[in-house]
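Report on the structure given below.
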Amino acid sequence: FSSRERSRAAGPLVLGMSSEPPPLYKPELLEPKKKLTLLQHCYKEPWIPFGCLVTVGALCTGLAGFIQGDQKLMQRMMRMRVVAQGATVLAMVVGVASQAASQLSGDKESVKLSGK
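Counting in the working numbering, the sequence shown runs from 13 upward without gaps.
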């Protein structure tokens, strides 16, 4: 074949593909993503908002200590803020890990039920 004949031979294969999208991309087969509201997220993982509130409380109290000139209060509150932030991040990591574990166990259950 010459290069011209090869391009003509390859053309129908590429152009001959179905214009219909694969089944994975059909809109009627896709489930709509349900977005959770802020309150639903707080109910699902209550330690994260609690950690945020403690962090903000420690930060505001530390700022008040700074304004009043109370070095000990300011220093204690800044340390408490760091601890609260660390606990909040830890709560996020534990939440993600538990959600991933529950999804994996759900996948294993579906495999057991299907008999594979």
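Backbone N, C-alpha and C define an ideal beta-carbon position, used for all residues, glycine too.
Looking at the backbone, the Cα of Gln83 and that of Gly69 are separated by about 17 Å.
A distance below 8 Å separates the beta carbons of Thr67 and Ala96. Shortest Cα-Cα distance from Gly74 to any of Gln87, Gln111, Leu51 and Gly107 involves Gln87.
A residue is called buried once 16 or more other Cβ atoms fall within 10 Å of its Cβ, and Arg93 is buried on that count.
A distance below 6 Å between beta-carbons, with the five flanking residues on each side excluded, links Met90 to the following residues of its chain, in chain order: Gly74. For Thr67, the enclosing alpha helix (DSSP H) has its first and last residue at Trp59 to Gln80.
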